[in-house]
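Below: the structure, in structure tokens.
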Amino acid sequence: MGYLVSILVLSALIFFHELGHYTAARLMGVYVEVFSIGFGKKLFSFTKFNTQWSISAIPLGGYVKMKGQDDSDPTKKSYDPDSYNTKTPLQKMFILVAGPLANFILAFILYFIIALGSPLAIAPVVGDIVQDSPAAHAGLQKDDTITAINNTPVKTWKEMAKIISTSQGSLDVEVQRGGYIEHLVLTPELKEAKNMYGETIQRKMIGISSAGKTFRQNLTLGECFTYATQQTIFASTMIFTGLQKLVTGDVPASEMGGVISIVKITSDAADAGWMSVFFFAALISVNLGVLNLLPIPALDGGHIMFNLYELIFRREVNEAIMVKLTIAGWVILFGLMGLGLFNDINRLVG
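In my numbering, the protein residues as written are 839 to 1188.
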């Protein structure tokens, strides 16, 4: 059941991405010949709105085939009024950006739905305390609830950790203990820690771990909007930064995952409940949006670069150069997909 949910989630994310392209193309007066979920042999198709809608055998992507635009052969062009090629560079960039934009919008909607469902948060309740740490010297105890730091209210463990990591000097920590409020003064220390990318960093800490107690956040509509916005921005920043660290070598290529990882994570999320499915679907949707903006000719980002060139220099990219760059783009894309698949298989074997 979990793997079926994974396929459905992936197909839905691809559908929304391609729907963004389709909608923008129609708005710009471009004739869309085919709207396909998947590649290869067509399993099912029908014609509606003068477009062939199809589901194909390999559910690893999708495409919108516009008149005058063919990634497999960039030399196939049409200069009819309803062709992609006759549109201005700005119009074409609007069509290209619309796919990734649809992924970001979908992620926001999913995060908003999660917020409406009262998402879980970790309470700022103290678990274990490190010996000879600032927390131990100040007298913090197991099961203490931290309610404020320097008169700033604290509701979640995440809020507390952020205040500590960005603090300057000593802290006035308000603690709820056995029905009473106490104030403790301590000074965080710089310690080595691991960030989400596995890098060793210096972080201000006070020497406590979470007790693992959670609670549901009852958010207003305004807070739901803020939650969805923050989560979408955080996911986008995280993925952009992760890609940057992969390119610079700060994160090893072995950490890269492929379609098997996506299916497995989504399947595990399905076992945990629909809110988990929505959360990971939102994250994968942002991932699709970011990856498609990379300046690789086989992706939306590569085509955007071609149109930026045309906009700046008032001429199209040389056809021979475009063909070579497109081939190189496909080689890079299949290489990355192969690397992700190789890593996935290694993890499964391990």
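From the three backbone atoms N, C-alpha and C, an ideal C-beta is built for every residue, glycine too. All values reported here derive from a predicted model rather than from experimental measurement.
Should residue i and residue j be called a contact, given that it needs their Cβ atoms to be closer than 8 Å?
i: G1050; j: A973; result: no
i: V968; j: Q979; result: no
i: D966; j: N988; result: no
i: Y1147; j: K1083; result: no
i: I960; j: T1064; result: no
i: G1096; j: L1179; result: yes
i: N1156; j: S1092; result: no
i: S1123; j: L851; result: yes
i: Y949; j: T1070; result: yes
i: L1171; j: L1131; result: no
i: L1193; j: P1135; result: Because the chain is modelled from 839 through 1188, residue 1193 falls outside the range shown and cannot be assessed.
i: G878; j: S894; result: yes
i: N941; j: L1126; result: yes
i: F873; j: T1067; result: no
i: C1062; j: A953; result: yes
i: L944; j: F1078; result: no
i: D1088; j: E1030; result: no
Note down, in chain order, each residue of its chain lying with its Cβ closer than 6 Å to the Cβ of residue i, except the 5 sequence neighbours on either side.
i: M998; result: P962, I984, V992
i: G1167; result: I1134, P1135, A1136, G1140
i: A1073; result: L1121, V1124
i: N1056; result: S956
i: I896; result: G876, F877, G878
i: N1145; result: P927, K930, M931
i: D908; result: K914
From the DSSP output, which residues share a beta bridge with residue i?
i: A959; result: F1053
i: E1012; result: A986, H1021
i: L1028; result: K1042
i: W1168; result: None; W1168 has no bridge partner.
i: M904; result: V870
i: Q890; result: V872, T885
i: K925; result: Answer is none; K925 lacks a bridge partner.
i: I896; result: F877
i: S1048; result: V964
i: P991; result: A986
Closest to residue i by CA distance: which of the options is it?
i: V868; options: Y922, T861, G878; result: Y922
i: E1012; options: E1030, K903, T990, F1116; result: T990
i: E856; options: P938, I1122, L1028; result: P938
i: T926; options: L1186, A1166, F942, R1153; result: R1153
i: K930; options: S1047, T861, W995; result: T861
i: L1028; options: M1094, I1159, S1003, A1119; result: S1003
i: I1191; options: Y1018, K1042, K1032, T1038; result: Because the chain spans 839 through 1188 in this model, residue 1191 falls outside it and cannot be assessed.
i: G1016; options: T994, D982, K1032; result: D982
i: M1160; options: T1079, T885, K914, M904; result: K914
i: L1174; options: L1022, L1129, N1184, V1187; result: L1129
i: I951; options: E1020, K886, A1119, Y1018; result: A1119
i: M1076; options: A1110, S1105, N1033, D1106; result: N1033
i: K996; options: D970, V1169, L958, Y1018; result: L958
i: S849; options: Q1040, D1106, R1185, G900; result: G900
i: T924; options: L898, A863, D970, R1054; result: A863
i: N1184; options: F1117, M1094, I1165; result: M1094
Return the chain-ordered list of same chain residues with a C-beta closer than 7 Å to the C-beta of residue i, the five sequence neighbours on each side being excluded.
i: M1143; result: P1133
i: H859; result: V902, I933, A936, G937
i: D920; result: G867, V868, Y869, K905
i: L1022; result: A976, G977, L978, V1011, V1013
i: L881; result: I893, S894, A895
i: E1020; result: V1013
Would you say residue i lies against chain C (beta-carbon separation less than 8 Å)?
i: T983; result: Checking the listed chains, one finds no chain C in this structure; it contains a single protein chain.
For residue i, which residues from the same chain have a beta carbon less than 8 Å from its beta carbon, with the 5 sequence-adjacent residues on both sides left out?
i: T1025; result: P972, G1007, S1008, L1009
i: T885; result: W891
i: Y1018; result: none
i: Q1040; result: L1028, K1029, E1030, A1031
i: A1110; result: none
Inset, instruction - Evaluate contact between the stretch 1099-1108 and the stretch 844-861, counting only Cβ atoms and requiring at least three cross-stretch pairs below 8 Å. - result: yes
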